[in-house]
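Let me begin by presenting the structure, written as structure tokens, before commenting on it.
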Amino acid sequence: MNASDVVVSTIAVLALIVSVLAWVQARRSADAAEQAADAASRSAHADEQMTRVEAARHREERRPQWSAGLARRRNGETGPRRLVVELVAPETVEHVTIRSLDDRLTFVDSQEASPNGGDTAEVGTVRRGIDVELRVHTPQPPSGGVAKIELTTNHDGDQWSDICDVKLPPPPPMVYM
């Protein structure tokens, strides 16, 4: 082997080493680009998830909030009791329906209630600060406990349904002689 063969083989080995190093560098660059794309995808997915969470939170904040209970009897008042339903939030809701989920609470046939009375009352529009009063029959004699009513409404294009507890009058005290 002469000197020119040694130079040629050295150049060939150096070229091979340079090509291997170039391949390693290209592979590292490709891996880095792939990792950056994955990170961007995860970030976009996290933003999308956050948007879903925020949307659910915003929807829940728009949910109508209610308060319901039986009004105290006025002096000498007899007959049906008054169910008072109050809108806590938002300002106004429309197409409100109140349904008794308990046979211990039935609506009296009235202007606000459905034409034949019973377990459903169509109320219409309800505004915050203006209580809705409906006449209802409760068990006789009073038995205490809790009756449940369902308030259904369309608000902001969404159908909402909430269940409220209504405390029934307690039983009369026992008199012993």
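Read in order, the letters of the sequence shown are residues 187 to 363 in our numbering.
The beta-carbon is built from N, C-alpha and C at its ideal position, and this holds for glycine as well.
Model, not experiment: these values are computed from the prediction.
Whole-angstrom distance between residue j and residue i, CA atom to CA atom
| i | j | result |
| --- | --- | --- |
| Pro355 | Pro328 | 6 Å |
| Asp289 | Asp305 | 8 Å |
| Val204 | Ala225 | 31 Å |
| Arg238 | Val274 | 26 Å |
| Asp344 | Glu336 | 16 Å |
| Glu220 | Gln211 | 14 Å |
| Pro358 | Ala241 | 49 Å |
Residues near residue i by beta carbon distance below 7 Å, same chain, minus five either side
| i | result |
| --- | --- |
| Val322 | Pro266, Arg267, Leu269, Leu291, Thr292, Phe293, Val294 |
| Ala299 | Reliability fails at Ala299, whose pLDDT of 46 lies under 50, so the model's placement of it is uncertain and no value is given. |
Test item: CB-CB of residue i and residue j under 9 Å
| i | j | result |
| --- | --- | --- |
| Pro276 | Arg228 | no |
| Lys334 | Val309 | no |
| Arg243 | Asp342 | no |
Span of the beta strand (DSSP E), counted from its first residue to its last, around residue i
| i | result |
| --- | --- |
| Glu272 | 267-275 |
| Ile335 | 332-341 |
Exposed unless 16 or more other CB atoms sit within 10 angstroms - verdict on residue i
| i | result |
| --- | --- |
| Ala222 | exposed |
| Pro250 | buried |
| Val194 | exposed |
| Ser215 | exposed |
| Ile197 | exposed |
Sequence-distant residues of the same chain with beta carbon closer than 6 Å to residue i, five excluded per side
| i | result |
| --- | --- |
| Ser253 | Glu272, Val274 |
| Val282 | Val309, Val312, Thr339 |
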